């Protein structure tokens, strides 16, 4: 059907399943101490073994696309795009701006592309350190949790130094970025990176050296390469299952085409392999930021000389900390967007979770689910329900 037509509504009723003797249904979520967002996994267990797993999601649909299409201009939408996720919002911001720049054939200054790359990798560092902390907490290693989150604070402070904000940087505009990186900031960033790199390596190496911690992740939540390809998993989940894919290398954007980096790939497909992929990626991010700062070219940071065509199609793709983010836009002209469709990495990775869970112990379910680093905020995209009145745009943005 045409993108402007509404397809006929089809009512779907899931088939009723007879419970097998000795099988008990254990609900994990929507509110559970092991899960930090509202999601539901129906786990069917026999004894301690999970024999079937069903994901019930989309509890936090937020209607962001329609808000953007109806009530926001092209340069207001980056503000909203960055709030799709509270952890990797900047990569959504970049994917959206790249989609519009692709549709309007806007040439972004090279210096702006390098600044975007620095912030993207800084975001990857804070996201991976956050994940390590959550994983350690679920495994009962709370000292590791506290140390990784302590180190993560340095990356949040660096983001504040460069953008004025610890999170939701607000840096991107169509055609470039808002703020430049001067020599003083560059020197400060490199100093802090050198210190935090040593601290990060020390805590992660010590953690990997703890045999009891490794055993909790080794051989559990296995996703074979064949099933991973069929489902279409992305990011660290794919690379841990032997699928060699990374948007930064395969379809370079920002300044990645000019930088040297390695894409870690493991074949085991278990929770430990996903841990190790993120471990290596963390140090590649340090290296990428150092290269980008060293090679930062002179020039402008934004190109304002463009016109938004009518009904032009654009696609922006980024490699978020969790995998491939895709944003699709159709421009309307008159500084507006006709259609905006984001798709986050977790949307691709979630169908793999039931495969990872079946055959495992119930006690391992939280760390298996966490091993894909799920973001349900990204996947569902926020609706603010006010039964009293219709909110104005300014009121809505003030509540975010």
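Numbering (the UniProt record's numbering), first residue to last: 1 to 400.
For every residue, glycine included, the Cβ atom is placed at its ideal position computed from N, Cα and C.
Since the structure is predicted, the reported quantities are computational estimates derived from the model, not experimental observations.
Around the Cβ of residue i, are there at least 16 other Cβ atoms within 10 angstroms (buried) or fewer (exposed)?
i           : result
residue 8   : exposed
residue 6   : exposed
residue 357 : buried
residue 98  : buried
residue 363 : exposed
residue 90  : buried
residue 142 : exposed
residue 96  : buried
residue 415 : Since the first and last residues shown for the chain are 1 and 400, residue 415 lies out of range.
residue 295 : exposed
residue 56  : exposed
residue 11  : exposed
residue 114 : buried
residue 327 : buried
residue 221 : buried
residue 251 : exposed
residue 176 : buried
residue 219 : exposed
residue 270 : buried
residue 31  : exposed
residue 83  : buried
residue 366 : buried
residue 346 : buried
residue 373 : buried
DSSP state of residue i, grouped into three classes?
i           : result
residue 427 : For residue 427 there is no data in the structure shown, the boundaries of the chain being 1 and 400.
residue 179 : coil
residue 333 : strand
residue 173 : strand
residue 361 : strand
residue 163 : helix
residue 346 : helix
residue 73  : strand
residue 228 : helix
residue 157 : helix
residue 259 : coil
residue 208 : helix
residue 145 : helix
residue 5   : coil
residue 243 : coil
residue 223 : coil
residue 369 : helix
residue 168 : coil
residue 85  : coil
residue 352 : helix
residue 400 : Because residue 400 sits at a pLDDT of 41, beneath the cut-off of 50, its placement in the model cannot be relied upon, and the following sentence gives the value as read from the coordinates. It is coil, neither helix nor strand.
residue 439 : Examination of residue 439 is not possible in this model, given that the chain is present from 1 through 400 alone.
residue 254 : coil
residue 78  : helix
residue 378 : helix
residue 107 : coil
residue 189 : helix
residue 267 : coil
Could you check where the beta strand (DSSP E) with residue i kicks off and where it finishes?
i           : result
residue 342 : 336-343
Which residues mark the beginning and the end of the alpha helix (DSSP H) in which residue i is found?
i           : result
residue 94  : 89-104
residue 217 : 211-217
residue 121 : 110-138
residue 247 : 247-250
Alpha helix (DSSP H) runs contained entirely in the region 270-328, provided each spans 4 or more residues: 271-294
Segments of 4+ residues assigned as alpha helix (DSSP H) that fall wholly inside the region 20-67: none
The region 305-313 in contact with the region 101-120 per 3-pair CB rule at 8 Å: yes
Segment contact flag, the region 150-161 with the region 315-330, C-beta cutoff 8 Å, min 3 pairs: no
The region 250-262 / the region 211-219 touching (three or more Cβ pairs under 8 Å): no
At least three beta-carbon pairs within less than 8 Å, the region 298-305 to the region 74-85: no
The region 344-362 / the region 115-127 touching (three or more Cβ pairs under 8 Å): no
At least 3 beta-carbon pairs within less than 8 Å: the region 223-239 vs the region 166-180: By the Cβ test, the region 223-239 is not in contact with the region 166-180, since fewer than three Cβ pairs between them sit closer than 8 Å.
Contact between the region 20-27 and the region 331-340 (3+ Cβ pairs under 8 Å): no
Given 8 Å, three or more beta-carbon pairs between the region 128-148 and the region 267-281: Three or more Cβ pairs drawn from the region 128-148 and the region 267-281 lie within less than 8 Å of each other, which places the two stretches in contact.
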